[in-house]
Amino acid sequence: MNQRVNYTQVVWEITRQLQESESLEKALRISLGTVVRAVGAEAGTIWFYDKDGDGRIHPSFWIGGADLTGLSLAAGEGIAGSVVETGKTTVVRDCQSDPRWAGRFDAKTGFVTRSMVCVPLLNKYETIGCIQIINKLDGSLYNDADVELCENLAMLTAIAVDGNGLNLGFSQEKPTLISLKNVTKTFGTGEMQVQVLKGINLDVREGEFLVILGESGCGKSTMLNIIGGMDQPTSGNVIFDGKDYASATEEELTAFRRKSVGFVFQAYNLMPTLTAEENLDFIGELAETSMTAAEALASVGLLEKRSNYPGQLSGGQQQRVSIARALVKRPRLILADEPTAALDYETSIEVLSVLENVIKAGTTLLMVTHNEEIAKMANRVIRMKGGVVSEVVFNHHPASARELVW
Ligand SMILES: Nc1ncnc2c1ncn2[C@@H]1O[C@H](COP(=O)(O)OP(=O)(O)O)[C@@H](O)[C@H]1O
Ligand SMILES: [Mg+2]
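For the sequence shown, counting from 1, position 5 maps to -5 in my numbering; every step adds exactly one.
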C-alpha cells in the first residue's frame, strides 16, 4: 500500500482513539504506539513542558526504549529541549554526533539513541512539549511522510490535551532500589540457543508496586529470577546498593537472596510436616534480621492458625502463609511470580488484599501476572514483548484489591 494512503488511515485511527477512549492518558499511549509502529521505529516519548512549575521538560508517556521514570530535561537541553525552545520540527540521523545531543539519558539508562524525529506540541499560544520518535529500525532517515505523520500526531495530541485539561502526572523521582541495564539472557548452546531477554532496561523504585505483564513464554519469570539473584544474566548489569550482581559470586548471590529478597510463587512450597509457624521459623533462622513468625502471621491475618499444618489450611490461607514467610526477614524487595494463578476469584482477592497491606507498609513489590485486571492495583505496569520492556504505564490512582472484577 502507498505509504501516504496508509498514513492517512493511521491519522484517522488516532483521531478515533483520542475521541473514543475513556481516558486521555490511555488514548495518548495507544496513539503514540500506533505511530511508532507505522513509522517502523523502536521507541517513542511524549514530553510535557512544566513551564509554570519547575520549568523543566518531563517525559509523560513512552513506548519501548529506556525507562525514563523520574528523569527530566532543562528547557533548551538536548534535542527535545531545543525543539521545545524553538518550536521547530527536528530530524536527526545520528543523535550521538549531533551538537545538541545531551547524552545524559543514554548514559544513565544504557539505551542507545540513534535516529530521531522530534516534533513540538503547540497549543494555540505556545509550545507545551514535544513528541520524539526514536531509532527507525531499518536504519533509513525519516522521510517527509514520516515527519508529516508525527506532526499530525502532535497536532491531535495538543488539541486533545487542550480540550481535556490533562493531568500530566509527572512521576516523582524516588530512589532506585534495583537497576537493570541492557540485561540479556540466552538459554542453551549451539543450534539450540534461544535469546529470551534481549536488552532489558528497568529501574525498580523503592516502595513501588510494579506489575509485569506479558504473554506466556516472553521471559517474565526469567527476568524475575535474575532480579532475585536466582539466576544471572548472559550480559548486562543488575545493580543493587551500588553493587553489580551480574558478576557476583555464588556466595554473594546467596547472601543477597537470603537477606534482601522475599519470594512468593504460584505453588506455596510449604513443608507439609511443619506447622504454619514452624514453616516461618525455618526461614527466619536463615536470615540475619527478622520479625518473629507470630508477627509475620499476624500481618497476614493468620495468627490464630499458627499451629495448623498446611493440609489444614485453605489454598488462600496457604498462600498467605507463604507471603508471611517472605515477610519474616523484612526483605527490601518482594518478588511474586503469578501468586494468584492457581486461585479462584474470591481467594485471589483475599491474597491480593494481603499484598496490598504489604505495599502500604512500604515494601517494594514486583509481581508477574497475566491477569490485566491486577495491573490496576500497581503504581507502574511494565509490559514485556520480544525480550524487551515494550511499554511502561503509570497508574496515578491505583485500585484496591476489593475493586477488582474478573
Ligand atoms: N532454564 C532454562 N533453560 C532453557 N530454556 C529456558 C529456561 N528457562 C526458561 N526457558 C525458556 O525461556 C522462555 C521464557 O520463559 P519464562 O521466563 O519462564 O517465560 P514467562 O514467565 O514469561 O512465561 C521460554 O521459552 C522457556 O522455555
Ligand atoms: Mg513464568
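All C-beta atoms in this analysis are idealised placements derived from N, C-alpha and C, irrespective of residue type, glycine included.
Under 8 Å between C-beta atoms of residue i and residue j
{"i": "P321", "j": "V251", "result": "yes"}
{"i": "L292", "j": "Q302", "result": "no"}
{"i": "M357", "j": "A316", "result": "no"}
{"i": "S297", "j": "T330", "result": "no"}
{"i": "V81", "j": "Y132", "result": "yes"}
{"i": "L139", "j": "V25", "result": "yes"}
{"i": "V201", "j": "I324", "result": "no"}
{"i": "I339", "j": "A286", "result": "no"}
{"i": "T35", "j": "L58", "result": "yes"}
{"i": "E67", "j": "A92", "result": "yes"}
{"i": "L270", "j": "V318", "result": "yes"}
{"i": "S312", "j": "L260", "result": "yes"}
{"i": "I69", "j": "D88", "result": "yes"}
{"i": "E198", "j": "N347", "result": "no"}
{"i": "E267", "j": "A284", "result": "yes"}
{"i": "A144", "j": "V109", "result": "yes"}
{"i": "A351", "j": "M367", "result": "no"}
{"i": "V400", "j": "L167", "result": "An answer regarding residue 400 cannot be provided, because it is not within the stretch -9 to 396 covered by the chain."}
Residue i: CB within 7 Å of a non-hydrogen atom of ligand 2
{"i": "V358", "result": "yes"}
{"i": "S211", "result": "yes"}
{"i": "D327", "result": "yes"}
Contact test: residue i Cβ vs ligand 1 heavy atom, cutoff 7 Å
{"i": "S380", "result": "no"}
{"i": "G377", "result": "no"}
{"i": "S206", "result": "yes"}
{"i": "V173", "result": "no"}
{"i": "G306", "result": "no"}
{"i": "F177", "result": "yes"}
{"i": "V201", "result": "no"}
{"i": "V186", "result": "yes"}
Beta-carbon separation (whole angstroms), residue i vs residue j, contact threshold 8 Å
{"i": "A65", "j": "W52", "result": "Actually they are not in contact, since the Cβ atoms of A65 and W52 sit about 20 Å apart, beyond 8 Å."}
{"i": "M374", "j": "K188", "result": "With a Cβ gap of about 10 Å, M374 and K188 do not count as contacting."}
{"i": "T147", "j": "I121", "result": "7 Å"}
{"i": "L63", "j": "R46", "result": "6 Å"}
{"i": "S105", "j": "K126", "result": "5 Å"}
{"i": "V100", "j": "K171", "result": "This sequence places Gly at residue 100; Val is not what is there. About 4 Å separates the two Cβ atoms, so the contact holds."}
{"i": "V173", "j": "V228", "result": "7 Å"}
{"i": "T224", "j": "K295", "result": "That pair is no contact at about 43 Å."}
{"i": "G30", "j": "D128", "result": "6 Å"}
{"i": "N191", "j": "A28", "result": "Contact doesn't hold; Cβ gap of about 24 Å is too wide."}
{"i": "V194", "j": "T359", "result": "Wrong, their Cβ atoms sit about 16 Å apart, outside the cutoff."}
{"i": "V379", "j": "R19", "result": "Going by Cβ atoms, the distance from V379 to R19 rounds to 14 Å, so no, they are not a contact pair."}
Continuous alpha helix (DSSP H) stretch holding residue i: start and end
{"i": "T337", "result": "Y335 to K350"}
{"i": "D40", "result": "First-last for D40: undefined, no H or E at that position."}
{"i": "R94", "result": "R94 to T99"}
{"i": "F246", "result": "E240 to S250"}
{"i": "V(-5)", "result": "Q(-7) to E10"}
{"i": "T80", "result": "No alpha helix (DSSP H) holds T80; the beta strand (DSSP E) holding it covers T80 to V82."}
{"i": "N215", "result": "K210 to I217"}
DSSP bridge partner residues for residue i (one or two, in chain order)
{"i": "R46", "result": "A64"}
{"i": "C140", "result": "Its beta-bridge partners do not exist; DSSP assigns none."}
{"i": "K126", "result": "A31"}
{"i": "I372", "result": "I202 and V382"}
{"i": "D234", "result": "I229"}
{"i": "V254", "result": "A326"}
{"i": "W396", "result": "W396 is not bridged to any residue."}
{"i": "F51", "result": "I36"}
{"i": "I121", "result": "I36 and V109"}
Segment limits, beta strand (DSSP E) that includes residue i
{"i": "E381", "result": "V378 to F384"}
{"i": "S390", "result": "Premise fails: S390 is in no beta strand (DSSP E) and is neither H nor E."}
{"i": "V186", "result": "V184 to R195"}
{"i": "T174", "result": "T166 to F177"}
{"i": "N227", "result": "S225 to F230"}
{"i": "L355", "result": "T354 to V358"}
{"i": "V107", "result": "M106 to L112"}
{"i": "I324", "result": "L323 to D327"}
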